[in-house]
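Asker:
Protein chains in written order, with this note's numbering: chain C, 3 to 101; chain Y, 204 to 732.
#1: Please list the partners that residue 711 of chain Y has in chain C, where partner means a Cβ-to-Cβ separation under 9 Å.
#2: Tell me which residues share the same chain as residue 204 of chain Y and place their Cβ nearer than 7 Å to its Cβ, disregarding the 5 neighbours each side in the sequence.
#3: Establish whether the CB of residue 9 of chain C and some CB of chain Y are separated by less than 8 Å.
#4: Could you pull out every unbroken beta strand (DSSP E) segment of at least 3 residues lying fully inside the region 23 to 100 of chain C, listed in chain order?
#5: Are the CB atoms of residue 378 of chain Y and residue 363 of chain Y nearer to each other than 8 Å?
#6: Tell me the DSSP secondary structure of residue 544 of chain Y in three-state form.
#7: Under three-state DSSP, which class holds residue 469 of chain Y?
#8: Residue 535 of chain Y lies in the beta strand (DSSP E); which residues open and close that run?
#9: Given residue 351 of chain Y, which residues of its chain have a CB within under 7 Å of its CB, disregarding the five upstream and five downstream residues?
#10: With a threshold of 16 other CB atoms inside 10 Å of the CB of residue 643 of chain Y, please say whether the residue is buried or exposed.
#11: Rank C/43, C/32, C/4 by C-alpha distance to the C-alpha of residue 11 of chain C and give the top, closest one.
#12: Nearest CA to the CA of residue 300 of chain Y: which residue from Y/312, Y/277, Y/285?
#13: Of the residues Y/266, Y/309, Y/434, which one's Cα is nearest the Cα of residue 298 of chain Y?
#14: Whose C-beta lies closer than 7 Å to the C-beta of residue 624 of chain Y among residues of the same chain, with five residues either side of it excluded?
#15: From the DSSP secondary-structure annotation, give me the bridge partner or partners of residue 737 of chain Y.
#16: Keeping to the same chain, check which residues put their C-beta closer than 6 Å to that of residue 366 of chain Y; ignore five residues upstream and five downstream.
#17: I'd like to know if residue 23 of chain C contacts chain Y, where contact means its C-beta is closer than 8 Å to some C-beta of that chain.
#18: How long is the line joining the alpha carbons of residue 239 of chain Y and residue 478 of chain Y, rounded to whole angstroms?
#19: In whole angstroms, what separates the C-alpha of residue 713 of chain Y from that of residue 611 of chain Y?
#20: Based on the DSSP output, what are the partners of residue 663 of chain Y in its beta bridges?
#21: Taking DSSP as the reference, what is the three-state secondary structure of residue 731 of chain Y?
#22: Note the first and the last residue of the continuous beta strand (DSSP E) segment covering residue 716 of chain Y.
#23: Run down chain C in chain order and give the residues with a C-beta less than 9 Å from the C-beta of residue 706 of chain Y.
#24: Can you find a CB in chain C that lies within less than 8 Å of the CB of residue 692 of chain Y?
#25: Going along the chain, which unbroken runs of the beta strand (DSSP E) with 3 or more residues stay wholly within the region 280 to 309 of chain Y?
#26: Going by C-alpha to C-alpha distance, which of Y/512, Y/392, Y/476, Y/498 sits closest to residue 463 of chain Y?
#27: For residue 411 of chain Y, which residues in the same chain have their Cβ closer than 6 Å to its Cβ, ignoring the five residues on either side in sequence?
#28: I'd like the list of long-range same chain contacts for residue 23 of chain C, defined as Cβ closer than 7 Å, with 5 residues on each side in sequence excluded.
#29: Using a threshold of 8 Å, state whether the C-beta atoms of residue 404 of chain Y and residue 470 of chain Y are closer than that.
#30: List the residues of chain C whose Cβ lies closer than 7 Å to the Cβ of residue 695 of chain Y, in chain order.
#31: What does the alpha-carbon distance come out to for the pair residue 1 of chain C and residue 72 of chain C?
#32: Given this structure, state the Cα-to-Cα distance separating residue 290 of chain Y from residue 282 of chain Y, to the nearest angstrom.
#33: Does residue 26 of chain C get closer than 8 Å to chain Y when you measure Cβ to Cβ?
#34: For residue 14 of chain C, which beta-bridge partners are listed by DSSP?
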């Protein structure tokens, strides 16, 4: 997994590439925790994300909970396979997704 | 009191130091040593400190000044006190220092094991000594110790030597092995334990083969085997040799551990656990190379003369063949004779190559009997080379320790089966997610706070295209299908994080079953694609 961070004022964009699974999810969580303070807009760019398991979903859920209190969160570039997982788990209703 | 005595021969000066060297007598010792150095054309200096009881820092400074006169200096026969001083002060890193080795007698001692490079004797109730065949074995001993350490750290139960001794002019390494008896002995004396031995023997094999070794820690067996194949060039028809070379070349790199000399004299049952010994052949590589050396130990070396196995493993030929067969069956988790035979044939190819090379290098072609044996192996090898096209095989089940670090191995194993039938990426990802969720769940909860194994089985069908994946563990009984489903209509604030993984699996797979049987959780899932 690769994470490319971009902080632009109070907009924090994270481009996540590769696999977001049990082994890599803690790394993404650390990046979020370290950078989320004062952020008004959090964007996950999943255009190059190939894989997500429940460990990754948990990180998204906790980020969403934080952003509900301090701003907006958006997930962009989601491919069909990952979209299917969001739908199956009800995450498509929780997250704001731009395909 | 102290004394300095020198012996000079062929440019080599041996200086014997004895007694104590401290600030009182250091200048005197130095003066005497200088006298020995004077006017001689010295190529190398050896300080024999066998009779030296004590050395202080003033004495160490003398040693440094001697070394200044000639860089080519070593210290031999250091007793443990002197060695400790030299080691603590860092001298052992700049000067070669050999310890004095304690003499151990093996007269009347029971032989409890026999490996490729040495023989194992029990010297008392708790300790054994491995006497090396090679007279100049210090480097080998150091090497084996490093390998055993590597294995132990990676979770393979083994014994590590704590002392090096002299035995009748050879070197030996001593380690603790309480009340141990080899599997060879158990098979000889308790034939009713045959099936238990097969289980335990295969269990350890699985454990070795599921251990990932950090890069560079152990040699690569494929390199070694490639060397054997090169040797065979002069002894095989060109086309057969070419095919052999290709098949070995095509075996992919594998960073899992293999033992390299795995047989029933290298597995010991102690009071409370099974220990693997004789660690000097450890390597990394594809398991086919391990199965090859197992074939040799249990069958190959006795194929011509069936009595050999009795001398080597202490069991008769029929028992040995049955043991190997049952271990292969257990290792491959199958009772399909065709499948067992297929893998054995692949193993035999490498096995024969190894034995033929070994025998020829030991001048086997100059002895009538040995020559006939080589001919037998060679004719079998040629038959197999005609028939077999690849050394690769897939197992239907693997056993790994239930820990998250092994997830990649499990995924690779499942993928290797999916590749056989061809699977679209979307389905493959769903299957990978399902495998991850279930495996990680077992790794996190089944054996807490201890550890244990999980067996993963894969079965694919072509028409219709389907895959069935099963997980077996002996942890706490847990039926994931009985778990209440999370409410996925809740808002983010109200949603918890539990249960999501298993829920995803249930939604994406076509069939799932769970049963608790014979102390095992057996979870199985099926997907059509």
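Beta carbons: idealized from backbone N, C-alpha and C, even for Gly.
Answerer: The answer reads as follows:
#1: As a first step, residue 711 of chain Y must be located in the second chain, where it is residue number 508. Within 9 Å Cβ-Cβ: 86, 87, 90.
#2: Indexing the second chain from 1 puts residue 204 of chain Y at position 1. Confidence at residue 204 of chain Y is low in this model, with a pLDDT of 48, below 50, so the placement of that residue is unreliable and no value is reported for it.
#3: What you label residue 9 of chain C is simply residue 7 of the first chain in a count that begins at 1. No, because no Cβ of chain Y sits closer than 8 Å to the Cβ of residue 9 of chain C.
#4: 43 to 47, 51 to 54, 74 to 78
#5: Taking the second chain and counting its residues from 1, the one referred to as residue 378 of chain Y is at position 175. Taking the second chain and counting its residues from 1, the one referred to as residue 363 of chain Y is at position 160. With contacts defined as CB atoms closer than 8 Å, residue 378 of chain Y and residue 363 of chain Y qualify as a contacting pair.
#6: Taking the first residue of the second chain as position 1, residue 544 of chain Y is located at position 341. Correct three-state label for residue 544 of chain Y: helix.
#7: Locating residue 469 of chain Y in the second chain gives position 266, where the first residue counts as 1. If DSSP states are grouped into helix, strand and coil, residue 469 of chain Y belongs with coil.
#8: Your numbering for residue 535 of chain Y matches position 332 in the second chain. Residue 535 of chain Y -> no beta strand (DSSP E), and no H or E assigned at all.
#9: In the second chain, residue 351 of chain Y corresponds to position 148, counting from 1. Excluding sequence neighbours, residue 351 of chain Y sits near 361, 363, 482.
#10: Against the second chain, residue 643 of chain Y aligns to sequence position 440. So residue 643 of chain Y counts as buried.
#11: By one-based count along the first chain, residue 11 of chain C stands at place 9. The shortest Cα separation from residue 11 of chain C among C/43, C/32, C/4 belongs to C/43.
#12: As a first step, residue 300 of chain Y is located in the second chain; it is residue number 97 there, counting from the start. Minimum Cα distance to residue 300 of chain Y is reached at Y/277.
#13: On the second chain, residue 298 of chain Y is found 95 positions in, with the first residue counted as 1. When each option's Cα is compared against that of residue 298 of chain Y, the closest is Y/266.
#14: As a position in the second chain, residue 624 of chain Y is number 421, starting the count at 1. So the list reads 663, 665, 668, once near-sequence residues are dropped.
#15: Given a span of 204 to 732 for chain Y in the structure shown, any question on residue 737 of chain Y remains unanswerable.
#16: As a first step, residue 366 of chain Y is located in the second chain; it is residue number 163 there, counting from the start. Cβ within range, chain order: 377.
#17: Translated into positions along the first chain, residue 23 of chain C becomes position 21. Closer than 8 Å: yes.
#18: To locate residue 239 of chain Y, count along the second chain from 1; it is residue 36. To locate residue 478 of chain Y, count along the second chain from 1; it is residue 275. Taking the straight line joining both Cα atoms gives about 53 Å.
#19: Position 510 of the second chain holds residue 713 of chain Y. Position 408 of the second chain holds residue 611 of chain Y. Whole-angstrom Cα-Cα distance: 24 Å.
#20: One-based indexing of the second chain puts residue 663 of chain Y at position 460. Paired residue(s): Y/670.
#21: For this step, residue 731 of chain Y is matched to residue 528 along the second chain. Three-state result, residue 731 of chain Y: strand.
#22: The sequence position of residue 716 of chain Y within the second chain is 513, counting from 1. Residues 714 to 720.
#23: Here residue 706 of chain Y corresponds to residue number 503 of the second chain, with the count starting at 1. The answer, in chain order, is 56, 90, 91.
#24: The count along the second chain starts at 1 and reaches residue 692 of chain Y at position 489. It does: the Cβ of residue 692 of chain Y has a partner Cβ on chain C nearer than 8 Å.
#25: Qualifying beta strand (DSSP E) stretches, in chain order: 299 to 302.
#26: Your numbering for residue 463 of chain Y matches position 260 in the second chain. Nearest option by C-alpha distance: Y/498.
#27: Along the second chain, one-based indexing puts residue 411 of chain Y at 208. For residue 411 of chain Y, where only same-chain residues beyond five positions count, the Cβ hits under 6 Å are 460, 462.
#28: Numbered from its first residue, the first chain carries residue 23 of chain C at position 21. 53, 55, 57, 58, listed in sequence order.
#29: By 1-based counting over the second chain, the position of residue 404 of chain Y is 201. By 1-based counting over the second chain, the position of residue 470 of chain Y is 267. With contacts defined by Cβ atoms closer than 8 Å, residue 404 of chain Y and residue 470 of chain Y form a contacting pair.
#30: As a first step, residue 695 of chain Y is located in the second chain; it is residue number 492 there, counting from the start. 63, 66, 67, 70, 96, listed in chain order.
#31: Here chain C comprises residues numbered 3 to 101, so residue 1 of chain C is not present and cannot be evaluated.
#32: By 1-based counting over the second chain, the position of residue 290 of chain Y is 87. By 1-based counting over the second chain, the position of residue 282 of chain Y is 79. Cα-Cα distance, rounded: 12 Å.
#33: Reading the first chain from its first residue, position 24 is the one you call residue 26 of chain C. Cβ-Cβ to chain Y under 8 Å: no for residue 26 of chain C.
#34: Against the first chain, residue 14 of chain C aligns to sequence position 12. Bridge partners of residue 14 of chain C according to DSSP: C/9, C/44.
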